[in-house]
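Reading through the structure tokens given below for one structure.
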Amino acid sequence: MAEAEEIRSRIETIKDLSDRLAEQDRTIKDLEEEMRSETPEHPWSFMKMRRHNRLHAEIEDERTSMSRDRYDLNRLTERLFEDVNIIADKATSTNSLELILDLVEQSLDTDPEYRENVRKQAGVTDGMSYMRLVPQDNPKGMLPPTPWGGKAAEEAYRLHQVRQLDPRLRLLRTLATGSCKGHGTPGTNDYLALMDFNVGDQVTMGPGLSTTVTTPHWLGGGGILLVIEGASHGVPMVGSRGDVPNESEVFLPDLLHCTVLEETTDGTYLGKRFERIYRLGVDSEETPVPKRELLEFPSIQSNVPLPDPAIDQDATAGGPDNPGLEP
Numbered sequence: 097m098a099e100a101e102e103i104r105s106r107i108e109t110i111k112d113l114s115d116r117l118a119e120q121d122r123t124i125k126d127l128e129e130e131m132r133s134e135t136p137e138h139p140w141s142f143m144k145m146r147r148h149n150r151l152h153a154e155i156e157d158e159r160t161s162m163s164r165d166r167y168d169l170n171r172l173t174e175r176l177f178e179d180v181n182i183i184a185d186k187a188t189s190t191n192s193l194e195l196i197l198d199l200v201e202q203s204l205d206t207d208p209e210y211r212e213n214v215r216k217q218a219g220v221t222d223g224m225s226y227m228r229l230v231p232q233d234n235p236k237g238m239l240p241p242t243p244w245g246g247k248a249a250e251e252a253y254r255l256h257q258v259r260q261l262d263p264r265l266r267l268l269r270t271l272a273t274g275s276c277k278g279h280g281t282p283g284t285n286d287y288l289a290l291m292d293f294n295v296g297d298q299v300t301m302g303p304g305l306s307t308t309v310t311t312p313h314w315l316g317g318g319g320i321l322l323v324i325e326g327a328s329h330g331v332p333m334v335g336s337r338g339d340v341p342n343e344s345e346v347f348l349p350d351l352l353h354c355t356v357l358e359e360t361t362d363g364t365y366l367g368k369r370f371e372r373i374y375r376l377g378v379d380s381e382e383t384p385v386p387k388r389e390l391l392e393f394p395s396i397q398s399n400v401p402l403p404d405p406a407i408d409q410d411a412t413a414g415g416p417d418n419p420g421l422e423p
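Mapping to our numbering: the sequence shown position 104 is 200, numbers consecutive.
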């Protein structure tokens with residue numbers, strides 16, 4: 097509890113500094129506008145020159161103060177992110193500092209046992225989210241969850257772990273392409289055919305989708321990137337807490353109905369190359385309906401066996417030709 101309160105206090109300090117910087121920036125812009133209006137038309141306009149010089153001095157004072165505050169902000173943010181195992185540039189390049197801080201703070205309230213159980217399931221890796229697809233089992237326009245996704249979603253609601261998300265949040269989902277040696281998974285062309293969306297297409301995902309809020313650190317030979325915008329509910333698991341490792345994870349429990357807003361082939365996102373990039377807007381979300389009374393629903397077990405790789409297998413840092421399943 098003391099650790100969580102200490103992190104909250106640090107977050108509040110960082111937010112106050114960030115607000116002060118924003119106010120200083122507005123003040124400088126106002127002073128610059130006033131100074132432009134006071135620019136003397138002639139060298140002998142002494143009164144205007146005097147006001148002009150005064151405004152110039154005020155602007156320099158604000159800039160000096162702003163520089164000190166920005167240094168303090170960067171230092172405090174870097175230390176906080178280091179302590180909760182978040183790489184600052186990967187986080188703030190994907191989402192704003194304000195959004196990441198809110199997620200870290202929300203994550204402090206996520207039940208550690210639930211968080212640890214989700215982390216151990218097939219489908220969640222530290223800081224990344226991958227899924228392998230079998231076209232014949234998955235209709236076009238449908239991205240299903242991992243086998244445990246629906247159960248984890250029900251459990252999230254039963255344990256009151258679902259939080260309201262900021263609609264500005266960008267959630268990333270990476271999909272590995274290429275065959276998995278020795279496991280009979282389909283090849284790259286099958287994956288790309290399954291994920292061949294156009295702008296305006298409707299896509300359904302979930303329930304129970306694993307996403308990341310930081311820039312992906314492993315992309316293999318490219319793969320597919322989904323940039324999901326507008327999700328309103330999720331389970332934040334951003335930053336470490338105690339012995340629970342960092343996930344950079346926001347678990348989406350609902351069935352998402354999305355529209356493809358933008359499609360890019362062989363493009364880059366934040367300096368990373370992908371075979372396909374889809375920007376998806378969430379139109380509506382359906383809360384999963386338990387098939388039995390929630391009180392009778394067993395907790396997620398951390399020793400659930402991995403799903404059959406021929407049906408659905410997440411990739412890890414081994415790359416698309418060896419997604420961590422072989423030594």
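Using N, Cα and C, we set each Cβ at its ideal position, and we do this for glycine too.
- Annotated as proximal: residue 307 and residue 346, with beta-carbon spacing under 7 angstroms.
- Burial is judged here by how many other beta carbons sit within 10 angstroms of a residue's own beta carbon; residue 298 has fewer than 16 and is exposed.
- Residue 204 and residue 304 have their C-alpha atoms roughly 21 angstroms apart.
- The Cβ neighbour count for residue 149, taken over all protein chains shown within 10 Å, is under 16; the residue is labelled exposed.
- Taking the Cβ atoms as the reference, residue 259 lies roughly 5 angstroms from residue 202, within the contact range of under 8 angstroms.
- Between the C-alpha atoms of residue 214 and residue 351 there is a straight-line separation of about 18 angstroms.
- Put simply, of 121, 364 and 144 the residue whose alpha carbon is nearest the alpha carbon of residue 132 is 144.
- Straight through space, the alpha carbons of residue 326 and residue 254 are spaced by roughly 23 angstroms.
- DSSP places residue 291 outside both helix and strand once states are collapsed to three, so it counts as coil.
- Taking 7 angstroms as the cut-off, the beta carbon of residue 344 is found closer than this to the beta carbon of residue 309.
- A distance of 7 angstroms or more separates the beta carbons of residue 127 and residue 110.
- Only residues of its own chain outside the window of five on either side were considered, and among them 293, 294, 295, 296, 297, 299, 374 and 376 have a CB closer than 7 angstroms to the CB of residue 356, listed in chain order.
- Here the alpha carbons of residue 179 and residue 99 stand approximately 11 angstroms from one another.
- Per the C-alpha coordinates, the member of 108, 384 and 192 positioned closest to residue 250 is 384.
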